[in-house]
Every structure is written in C-alpha cells, then in structure tokens.
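The sequence shown begins at 227 in this note's numbering and counts up one residue at a time. All C-beta atoms, glycine included, are put in the ideal place defined by N, C-alpha and C. Before any comments, here is the structure.
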Amino acid sequence: MAKVYVVDDDTGLRTAYSAALSKLGHEVETASDGLEGQKLLAKGAPDLLLLDMLMPNLDGIGLLREIRSDDKNKDLKVVVVSNFESMPEASELGVLKYISKLQHNPEDVASQVDKLIKGD
C-alpha cells in the first residue's frame, strides 16, 4: 500500500480520486489547494502526489516549484491532472506524468497512478 496525496480544489474530483485510489489499496490524504498541500507535505512525503494546476491561494505550479526547491522533496513523484492539454512549465519541473481531466475519469486516473507506483 502506498501513500498518495491528492491536491485539487474540485471537491467532487478530490473525493472520486480518493475513493478510486483507496479501492486499489492506497492510503490517501487530500487537500483543497496548494496551501493545504504544503501542510500535508510538512507531515511527510507521500509515495506520489496527484496535483491539479488551477487552484485558489497557491496553484499547482507554485506548489510544484516549492517541492522541487526543497531537497527532501525534490525527487517526489508528481502526477499532474489538469483541464489544460499540456503545461510546459510543469514538465520542466519534472512531473512523472500529465493526465487530462477531460479525457480520463477518476478510475482511469487512479489506475494510471497505481501502475506508476508499482513501476509498471
């Protein structure tokens, strides 16, 4: 069982991702924006972070910049889920995978995250 943090301001999606990942046996904690995501990361790094880009208070790019500038989290596996087709800045900051919310339902996202955690 892996620990996954889900940081997304959409309550419905956050709940759906959490449920789908939990069904696959993962321990999931959630945050509704980058500031709450910072608090989760302060408790300890997860095995993988599922990160939305557009959020209030501190967006995904801002949180990702902080993660990559912190030696203890610089190698954290990050998967971006977004409505944008692509986000070059996220890629430059070393995300493991970029998943379109428009093309993948929460179960698909959870399945892809599960495979990445298991190294498939």
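As assigned by DSSP and simplified to three states, the class of residue i
{"i": "Lys327", "result": "coil"}
{"i": "Ser308", "result": "strand"}
{"i": "Val339", "result": "helix"}
{"i": "Leu275", "result": "strand"}
Proximity winner among the options, relative to residue i (alpha-carbon distances)
{"i": "Glu292", "options": "Gly260, Asp278, Lys323", "result": "Gly260"}
{"i": "Ala316", "options": "Leu276, Ser258, Lys249, Ala268", "result": "Leu276"}
{"i": "Asp192", "options": "Asp301, Ser248, Leu290", "result": "There is simply no residue 192 to check, as the chain begins at 227 and stops at 346 in what is shown."}
{"i": "Glu318", "options": "Thr237, Lys300, Pro332", "result": "Lys300"}
{"i": "Glu177", "options": "Ala271, Tyr231, Leu239", "result": "Shown here, the chain extends from 227 to 346; a query on residue 177 therefore has no answer."}
{"i": "Met313", "options": "Ile287, Asn331, Leu328, Arg240", "result": "Ile287"}
{"i": "Arg240", "options": "Ser308, Ile343, Gln329", "result": "Ser308"}
{"i": "Ala245", "options": "Ile343, Asp346, Lys344, Pro332", "result": "Pro332"}
7 Å Cβ cutoff met for residue i and residue j
{"i": "Val306", "j": "Tyr324", "result": "yes"}
{"i": "Leu284", "j": "Val304", "result": "no"}
{"i": "Asp234", "j": "Asp273", "result": "no"}
Enclosing alpha helix (DSSP H) for residue i [first to last residue]
{"i": "Lys229", "result": "Looking at the DSSP string, Lys229 is not in any alpha helix (DSSP H); the run it does join, the beta strand (DSSP E), is 229–233."}
{"i": "Ala242", "result": "237–249"}
{"i": "Pro314", "result": "314–318"}
{"i": "Lys265", "result": "260–269"}
Range of the contiguous beta strand (DSSP E) that encloses residue i
{"i": "Val321", "result": "Val321 -> no beta strand (DSSP E), and no H or E assigned at all."}
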